[in-house]
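Written below as structure tokens is the structure these notes are about.
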């Protein structure tokens, strides 16, 4: 059978499994064992396929995943989350669509302690959605803003997606984190500009309110979050300067957040337990996705499909940038259906040879992919963040309205991708300053 | 007849609750293991930068703890709804068809977990028989670490088996009532 037919069959069966509701990790795993039985009859193939992901589990870099998740959970469950939301609110409330802008900026700030978009979206949504609904903001737009802001956690370091990509692509996690900062800020500002324009042109989607804060109130609120900002700064600068590895930095930052939360007396045994359970749940989910996706990648590689695909792509008579655009398009489509962690785990080993052959900068490409994953998380029909948002607004918004409202935000993500492709410096400038 | 079915269902529910709360306890243990990871790594960094004497064990033990968290803590992920799945197809279906579809998808996922379980038993047994040890400083025997995979997969399989039995029971009960 031709390789593209095999690849087509694999992809369509995967979509079918996902569509009928098999969890992502087990869709990938089940498909891999079926494929293994076809390609390598007997049980010997199963061994390699089923346990392909075990090697990643013993990777020291991945030890930072539960620690970053715990840190975000602690910020979320203690008063630190609410406090930083308040600060953003005081500074932005008076602008058109102020509450929407607040959630965007808060999403970016929370993204700097949070590595996964599900936690980011849930946190932003829990704090900002009730108020936006109360102030009669357009529900679809409010939900889309939250989904977009939560997805910023994928790009703004720390980021589980960038950690996974870095370990597979052999790219420095510190450099990737540094590369994500400017695009993350750029995306935040694009969203603010969009909200400003949308609300200015069409004021009824976000009624103005008359709550005003004095400058004194604004700056006094900053006092509440200085410790958290310090932790973020310490975290990023130690990784950035190479003083600590991402794993070490994650442990220390997590410990600092723990101490701050305890000293503010905003953490008791019950909340700690809740944070720990959430951490384990998310870590195990990501762990199984790593296992399933690695098995799937193993099948695609050892069946020879990956090599054929590489040869075909490399021999295309088109400029390198067209290949990148094609890959981006592919990621965008995959993002509509799959979890970002799964996409990164299964595609990175497959596309690495293509990047090497065409001499594409893997750091630059990793950030492009991360921006793409932000878009995937908010794109219909299976964008995870939209479903989280819908769960947070029971009976207040139709999925269709949410899908429609998400489109402009997906376009913002695409615009960011285009900008990064035209001006690679957006990504590469900050890492190039690293020692 | 109906009463018997209801009491059977009650027993089933009790078993399910017991297993789920056991899984939750294990997940909580795994949660405290994450705290231990946080403390040991911080200790290691402190020892290295302040006393110039890094620990010999932190690097290795923390990787084992990660495996523990993923697999031993992972049993609870399914009953607590932590596994990402898409519900656009399932949410539009009628109750009966939804349960039927859930049974099919549980069978598929369960088959995979079963294969994973068998292969990890082979993997663990291999370490046990050949006395495979870590090639690093601690040189620990690796079979207990690989055992985490076996236990984790077994717990997950159990959750799926329960789900399949519960769905079948609900379906049978519904058929009894309509007939």
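Chains as they are written, first to last, in the working numbering: chain A, 1146 to 1580; chain B, 2 to 180.
The C-beta atom is built at its ideal place from N, Cα and C for all residues, glycine as well.
Since this is a predicted model, take the numbers as computed values, not measurements.
| Asked | Found |
| --- | --- |
| Minimum length 4: unbroken alpha helix (DSSP H) runs contained in the region 1519-1558 of chain A | 1529-1537 |
| Pair within 8 Å by beta-carbon distance, residue 1508(A) and residue 1226(A) | no |
| Chain-order list of residues whose beta-carbon lies under 7 Å from that of residue 1280(A) (same chain, five-residue window excluded) | 1244, 1352 and 1354 |
| For residue 1503(A) and residue 1465(A), the rounded distance between their alpha carbons | 7 Å |
| Backbone secondary structure at residue 164(B) - three-state DSSP | helix |
| Amino acids of chain A, ordered along the chain, whose beta-carbon sits closer than 7 Å to that of residue 113(B) | 1171, 1174, 1175 and 1178 |
| Simplified DSSP assignment, three categories, for residue 134(B) | strand |
| Residue 142(B), DSSP secondary structure in three states | strand |
| Residue 1359(A): first and last residue of the uninterrupted alpha helix (DSSP H) it sits in | Note, residue 1359(A): premise wrong, no alpha helix (DSSP H); not H, not E. |
| Closer than 9 Å at the beta carbon, the chain A residues around residue 100(B) | Those do not exist, as residue 100(B) stays about 12 Å from chain A at its closest Cβ, beyond 9 Å. |
| Status (buried if at least 16 other CB within 10 Å, exposed otherwise) for residue 1463(A) | exposed |
| Residue nearest to residue 1486(A) in terms of C-alpha spacing, selected from 1240(A), 1170(A) and 1453(A) | 1170(A) |
| For residue 65(B), the three-state DSSP class (helix, strand or coil) | helix |
| Status (buried if at least 16 other CB within 10 Å, exposed otherwise) for residue 1535(A) | buried |
| Given 8 Å, three or more beta-carbon pairs between the region 60-75 of chain B and the region 152-172 of chain B | yes |
| Within-8 Å CB hit, residue 43(B) to chain A | yes |
| Alpha-carbon to alpha-carbon, residue 1363(A) and residue 1235(A) | 6 Å |
| Which of helix, strand or coil DSSP assigns to residue 1315(A) | coil |
| Delimiting residues of the alpha helix (DSSP H) encompassing residue 1286(A) | 1284-1300 |
| Distance between residue 1219(A) and residue 1415(A) (C-alpha atoms, nearest Å) | 12 Å |
| Beta-carbon spacing of residue 1301(A), residue 1319(A) below 8 Å | no |
| Unbroken stretches of the alpha helix (DSSP H), 4 residues or longer, contained in the region 1439-1473 of chain A | 1450-1460 |
| Own chain, CB closer than 8 Å to residue 1240(A), minus 5 neighbours either side, in chain order | 1246 and 1341 |
| First through last residue of the alpha helix (DSSP H) which encompasses residue 1246(A) | 1243-1256 |
| Sequence-distant residues of its chain with Cβ nearer than 6 Å to residue 1254(A) (five each side left out) | 1229 |
| Residue 2(B) to residue 78(B) span [Cα, whole Å] | Residue placement at residue 2(B) is flagged as unreliable, the pLDDT there being 46, under the threshold of 50; the coordinate-derived value follows with that caveat. Approximately 36 Å, taken between the alpha carbons. |
| Neighbourhood of residue 1151(A) by C-beta, 8 Å cutoff - its chain only, sequence neighbours within 5 removed | 1448 and 1450 |
| For residue 98(B), the three-state DSSP class (helix, strand or coil) | helix |
| Nearest to residue 1221(A) (by Cα), restricted to the options 1454(A), 1419(A) and 1505(A) | 1419(A) |
| Beta carbon proximity, residue 1235(A) to chain B, threshold 8 Å | no |
| Own chain, CB closer than 7 Å to residue 141(B), minus 5 neighbours either side, in chain order | 134 and 135 |
| Three CB pairs or more closer than 8 Å across the region 1283-1301 of chain A and the region 1543-1561 of chain A | yes |
| C-beta neighbour in chain B for residue 1148(A), strict 8 Å | no |
| C-alpha distance - residue 1519(A) paired with residue 1188(A), whole-angstrom precision | 39 Å |
| Separation of residue 125(B) from residue 1206(A), as counted between CA atoms | 24 Å |
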